[in-house]
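What follows is a set of notes on a single structure, which appears directly below.
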Amino acid sequence: MQAADQTLGTPEAQAPGFLTSSVGRKVVMAVTGIILFGFVTVHMLGNTQAYLGKEPFNHYAELLQTMVHGAGIWVFRGVMIAAAGLHGWAALSLSMDNWKARPVGYRAQQMKSATWASRTMRWSGVVLAAFIVYHLLHLTVGSAHPAFIKGNAYHNFVEGFRVPLASAFYIVAQLCLGLHMWHGVWSLTQTLGWVHPRYNKLRRGLASALTLLVVGVNISFPIAVLAGVIK
Amino acid sequence: MEKHLNLTLHVWRQKNAQAEGAFAEYPARHISTEMSFLEMLDVVNEELIRKGEDPIAFDHDCREGICGTCGCVVKGRPHGPKERTTSCQLHMRSFEDGDHITIEPWRAEAFPVIKDLIVDRGAFDRIIAAGGFITAPTGTPQDANALPVPKQNADLAMDAAACIGCGACVAACPNASAMLFVSAKVSQLGLLPQGQPERYTRVRDMVARMDAEGFGSCTNHGECEAVCPKGITMENIARMNRDFIKASLLYRPEVAAGGAG
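Chains F and S, in that order, are what the protein sequence lines are. Here the first sequence is numbered in our numbering, starting from 4 and rising by one per residue. Here the second sequence is numbered in our numbering, starting from 189 and rising by one per residue.
Shown next, in the form of structure tokens:
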């Protein structure tokens with residue numbers, strides 16, 4: 004027997020690819036999570052211009068539509084669709100493996116450190132996916148909007164949130180986003196290995212602060228419209 | 189002060205790996221609070237043997253909390269309600285008179301039940317065989333201080349090496365993930381100079397074996413850390429992820445002609 008044959012299999016034979024491994028798919032989850040959380044944060048900051056009135060808001064919307072001669076928004080949309088698709092794919096494939104890993108459950112299992120947010124990640128994710136489809140039909144395409152005017156983002160924003168049911172779904176989705184972000188932001192630092200006793204408190208703090216900021220400001224929009232602050 | 193308890197046990201009974209299991213109810217009478225949990229099971233088993241019934245099968249060896257052989261889910265918690273405690277070191281003073289105690293085996297696809305509360309943890313051995321080793325030179329031992337090790341690394345490696353491989357992390361994880369175990373084994377070697385030659389092949393091979401054995405993956409609930417009788421922390425999982433990412437980014441296949449000399 005040759006010396007090379009005595010090793011416990013070659014790395015090629017044992018190690019499958021990055022995307023088929025559990026840790027690899029978790030990294031996909033984390034990196035696309037950063038892109039998606041980054042987007043909602045910037046989206047929230049941009050929308051605060053609704054408080055400035057019609058002109059600045061519509062001007063901002065026009066800027067987004069026309070940046071890089073109109074190519075910018077399509078590059079951006081491509082990145083977002085890819086990130087959301089990969090995030091959903093990784094979630095589905097990891098979840099299926101995880102369900103398979105425990106075919107028989109416990110009669111009496113008591114959780115100790117799992118949080119409500121961590122236990123509901125899959126559900127909050129599904130609600131968010133459904134919300135994103137609705138949100139695009141509502142305020143981007145306009146087919147789910149009662150009085151959509153193409154090119155008048157401010158009008159669509161105000162008239163859209165004047166429908167109480169639409170505002171209610173929006174608020175529920177934001178609460179789901181809060182749960183998803185609070186666990187997700189902390190969790191992705193763990194997945195990417197950004198762990199050090201010196202910064203561990205900061206990781207929880209960052210997740211809490213970012214969640215409160217994004218969800219708080221986002222929920223303020225429909226409330227402001229319904230209360231007549233934005234009109 | 190020693191007291192005596194009367195308890196009702198709800199124990200998972202399963203004849204063998206193929207048989208369908210079910211819960212059975214047993215009374216445990218006059219149990220001293222000084223007894224360990226396993227001694228309580230011994231008392232119940234003696235009664236079962238006297239009656240001509242099959243005793244409850246459970247794994248145990250050292251009964252000192254250091255071998256990692258024992259372990260069952262007691263009242264919904266792997267190794268029972270006490271923190272940093274193995275089933276054998278759990279004492280009956282942790283229970284109240286009249287308690288109903290549910291006793292179940294570890295539940296995971298990768299840990300098939302052999303009988304009653306005994307599961308096959310061979311998957312852990314195969315993960316170790318995939319990479320949990322170092323290449324040590326034989327011959328005369330070198331001077332003990334020839335390899336400088338930073339004190340902090342020595343401490344962290346020692347903390348990771350405290351893992352006894354009992355499998356409670358898998359049992360507690362809602363995804364039946366073995367990442368706390370694997371990461372402890374990856375860390376204890378990867379933190380020391382002796383573990384460096386295989387550091388990046390080790391993490392890929394051990395993760396691949398872990399996946400192939402059918403364990404789930406981490407969703408950062410932290411249940412593993414909370415039940416670990418040896419206090420292994422999730423920082424090890426982060427270290428394993430870090431090493432895995434680096435190993436995957438910088439992977440280069442072995443070249444047959446390379447190093448032929």
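All C-beta atoms in this analysis are idealised placements derived from N, C-alpha and C, irrespective of residue type, glycine included.
Quiz item: In chain order, which alpha helix (DSSP H) runs of at least 4 residues are fully inside the segment 201-277 of chain S?
Solution: 225-238
Exercise. Kindly list, in the order they appear in chain F, the residues whose Cβ is closer than 7 Å to that of R430 (chain S).
Key: G196
Exercise. With 7 Å as the threshold, decide whether the Cβ of G419 (chain S) is near any Cβ in chain F.
Key: no
Quiz item: What is the rounded straight-line gap between the Cα of I289 (chain S) and the Cα of H267 (chain S)?
Solution: 12 Å
Exercise. Residues of the segment 28-51 of chain F with a CB closer than 7 Å to any CB of chain S: list them in chain order, please.
Key: K29, V30
Self-check item: Distance between P269 (chain S) and A350 (chain S) (C-alpha atoms, nearest Å)
Solution: 21 Å
Exercise. Please classify I37 (chain F): does DSSP put it in a helix, a strand, or coil?
Key: helix
Exercise. Determine the extent of the beta strand (DSSP E) in which V301 (chain S) is found, giving its start and end residues.
Key: 301-303
Quiz item: Who pairs with S365 (chain S) in a beta bridge, going by DSSP?
Solution: S:G404
Quiz prompt | Check whether V374 (chain S) and M428 (chain S) have beta carbons under 7 Å apart | solution = yes
Practice problem: Just mark W126 (chain F) as buried or exposed, buried being the case when its beta carbon has 16 or more other beta carbons within 10 Å. | Solution: exposed
Quiz item: If contact means a Cβ-Cβ distance below 9 Å, which residues of the segment 133-157 of chain F contact chain S?
Solution: none
Quiz item: Any idea what DSSP makes of A171 (chain F), helix, strand or coil?
Solution: helix
Quiz item: Thinking C-alpha only, which one of F:K204, F:R165, F:G196, F:G208 is nearest V228 (chain F)?
Solution: F:R165
Quiz item: Does S220 (chain S) get closer than 7 Å to chain F when you measure Cβ to Cβ?
Solution: no
Quiz item: By Cβ distance below 8 Å, which residues in the same chain neighbour N341 (chain S) in space, the five residues on each side in sequence not counted?
Solution: L379, L380
Self-check item: Cα-Cα separation between E15 (chain F) and P441 (chain S), rounded to whole angstroms
Solution: Reliability of the predicted coordinates at E15 (chain F) is poor, the pLDDT of 46 falling under 50, and no value is obtained from them.
Quiz item: Going straight from the alpha carbon of G192 (chain S) to that of T273 (chain S), what length do you get?
Solution: One point to set straight first is that residue 192 (chain S) is His, not Gly, in the sequence displayed. Approximately 22 Å, taken between the alpha carbons.
Self-check item: Residue-level contact to chain S via CB, S121 (chain F), 7 Å cutoff
Solution: yes
Practice problem: For S127 (chain F), go through chain S and note every residue whose CB falls closer than 9 Å to its CB, in chain order. | Solution: Correct list: empty, because the minimum Cβ distance to chain S is about 13 Å.
Quiz item: Roughly how many angstroms lie between the CA atoms of P243 (chain S) and N424 (chain S), to the nearest whole one?
Solution: 39 Å
Quiz item: When the cut-off is 7 Å and only beta carbons count, does K204 (chain F) lie next to chain S?
Solution: no
Practice problem: Could you tell me which chain S residues have their CB closer than 7 Å to the CB of K2 (chain F), listed as they occur along the chain? | Solution: Since the first residue shown for chain F is 4 and the last is 234, residue 2 (chain F) is missing from the structure and cannot be characterised.
Exercise. Count the other C-beta atoms from every protein chain shown that fall within 10 angstroms of the C-beta of D298 (chain S), then say buried if there are 16 or more, exposed otherwise.
Key: Contrary to the premise, residue 298 (chain S) reads as Ala rather than Asp in this sequence. Classification for A298 (chain S): buried.
Quiz prompt | CA-to-CA distance, F369 (chain S) to L22 (chain F), given in whole angstroms | solution = 22 Å
Quiz prompt | Proximity of C412 (chain S) and C357 (chain S) at Cβ, strictly below 7 Å | solution = yes
Self-check item: Per-residue contacts from P106 (chain F) into chain S (C-beta, under 7 Å)
Solution: E297
Quiz item: Are three or more beta carbon pairs between the segment 107-120 of chain F and the segment 259-266 of chain S nearer than 8 Å?
Solution: yes
Practice problem: Return no unless some Cβ of chain S is closer than 7 Å to the Cβ of H183 (chain F). | Solution: no
Self-check item: chain S residues whose Cβ lies nearer than 7 Å to that of R201 (chain F)
Solution: Near R201 (chain F) there are no residues of chain S at all, since even the closest Cβ is about 12 Å away, more than 7 Å.
Exercise. Sort F:V31, F:T35, F:F60, F:L55 by Cα distance to Y157 (chain F) and report the nearest one.
Key: F:F60
Quiz item: What distance in whole Å lies between the Cβ atoms of F134 (chain F) and M83 (chain F), which are believed to be in contact at a cut-off of 8 Å?
Solution: Not a contact, Cβ separation roughly 14 Å.
Quiz item: Nearest-angstrom Cα distance between V337 (chain S) and V31 (chain F)?
Solution: 34 Å
Self-check item: Nearest residue (CA-CA) to T143 (chain F), options F:A132, F:G128, F:F160, F:V129
Solution: F:F160
Quiz prompt | Nearest-angstrom Cα separation, counted from Q277 (chain S) out to C250 (chain S) | solution = 10 Å
Quiz item: When you compare only the Cα positions, how much space is there between F40 (chain F) and A205 (chain S)?
Solution: 46 Å
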